[in-house]
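One gets the numbering used here by counting positions in the first sequence from 1 and adding 1 to each.
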Amino acid sequence: MAYWLLKTEPESFGIEHLAALPRRTASWDGVRNYQARNFLRDDVRRGDLAFLYHSSCAVPGIAGTVKVVRAAYADASAFDPRDPHHDPASDPAAPRWYTIDVQLQRRLPRLITLEELRAHERGKLRGLTLLQRGNRLSVMPLTSDHWRFILSLA
DNA sequence: GCCAACGTTGGC
DNA sequence: GCCAACGTTGGC
2 MAYWLLKTEP
12 ESFGIEHLAA
22 LPRRTASWDG
32 VRNYQARNFL
42 RDDVRRGDLA
52 FLYHSSCAVP
62 GIAGTVKVVR
72 AAYADASAFD
82 PRDPHHDPAS
92 DPAAPRWYTI
102 DVQLQRRLPR
112 LITLEELRAH
122 ERGKLRGLTL
132 LQRGNRLSVM
142 PLTSDHWRFI
152 LSLA
C-alpha cells in the first residue's frame with residue numbers, strides 16, 4: 002500500500018464538504034498538472050491512503066485521511082465547456098486528465114499545521130515533498146515513515 | 001530546442 | 001495583496 006498527500010482549498014472543497022457527501026466519497030477531479038496526473042494515473046491504487054491537506058487558507062495543514070476507493074479513470078470535467086477545469090485539448094477517446102475517487106476515512110482530532118510540519122523539516126520529516134522549496138504539486142507520495150510520524154503528531 | 005513572457009500556486 | 005517559484009506557451 003502506498004501513501005499520498007492531496008491538496009485542496011478548503012474554501013472551495015475541504016474536509017467539511019467531503020464529510021457531507023453521500024458515503025463521504027468524492028471524485029478527485031480537476032487536477033491539471035502533468036506530474037500530479039502521472040501519479041494519479043500510474044501509481045495511485047485502490048486501497049491506498051492519503052492525507053487531505055488544506056492549502057491557500059488562513060492555517061494550512063493536514064485535516065484528515067482519505068482512502069482511495071476507485072483507481073484512475075478519465076476526468077470528465079475536462080470535457081465540459083462549462084466546467085472551470087474544461088480542457089478542449091482533452092479528447093474523450095484519449096483523455097488527457099484523470100481522476101480517482103476518495104472516501105473520507107478519518108478527520109484528525111486537530112489540524113496538523115504546516116508550521117508544525119516545518120518544525121520537523123530537518124528531523125523526522127526530512128525529505129517530505131510538501132516541505133520542499135517551491136513545491137506546488139497537488140498530488141504527491143510520502144513514505145510510510147512520514148505517514149506514521151505525522152499521524153503520531155495528531 | 002531555446003527562452004522570454006505569461007499564468008498559476010500558495011505561503012505569508 | 002504581495003511575490004517567489006514554478007509550469008506552460010509560443011515566437012524564433
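Backbone N, C-alpha and C define an ideal beta-carbon position, used for all residues, glycine too.
What you are looking at is a predicted structure, and each value in this text was computed from that prediction instead of being measured.
In the three-state DSSP reduction, Q104 falls in the strand class (E or B). Annotation for L118: no beta strand (DSSP E) segment contains it, though the alpha helix (DSSP H) segment containing it runs 115 to 119. If you draw a straight line from the Cα of A59 to the Cα of L115, it comes to about 11 Å. In this model, R111 and A94 are separated by some 43 Å (Cα to Cα). Inter-residue distance for G48 and R123 is about 30 Å (C-alpha atoms, whole angstroms). For H147, the enclosing alpha helix (DSSP H) stretches over residues 145 to 154. Fully contained in the stretch 37 to 74 are the following beta strand (DSSP E) runs of length 3 or more, in chain order: 50 to 55. Non-local beta-carbon contacts of R46 in its own chain, meaning distances under 7 Å to residues more than five positions away in sequence, involve A3, V69, A72 in chain order.
Taken atom to atom, the span from the alpha-carbon of D76 to that of T66 is near 22 Å. In this structure, the straight-line span from the alpha carbon of G31 to that of L131 is close to 20 Å.
With a contact defined as Cβ atoms closer than 8 Å, G62 and I113 qualify at about 5 Å. Rounded to whole angstroms, the gap between the alpha carbons of Q106 and F150 is 18 Å. Taking C-beta atoms under 8 Å as the contact rule, A64 and R108 qualify, at a distance of about 7 Å.
Excluding five sequence positions before and after L41, the CB atoms of its chain that fall closer than 8 Å to its own CB belong to W29, V32, A73, Y99, T100, I101, V140, given in chain order. Scanning the stretch 7 to 42 from its first residue to its last, the whole alpha helix (DSSP H) runs of 4-plus residues come out as 11 to 14, 16 to 21, 35 to 39.
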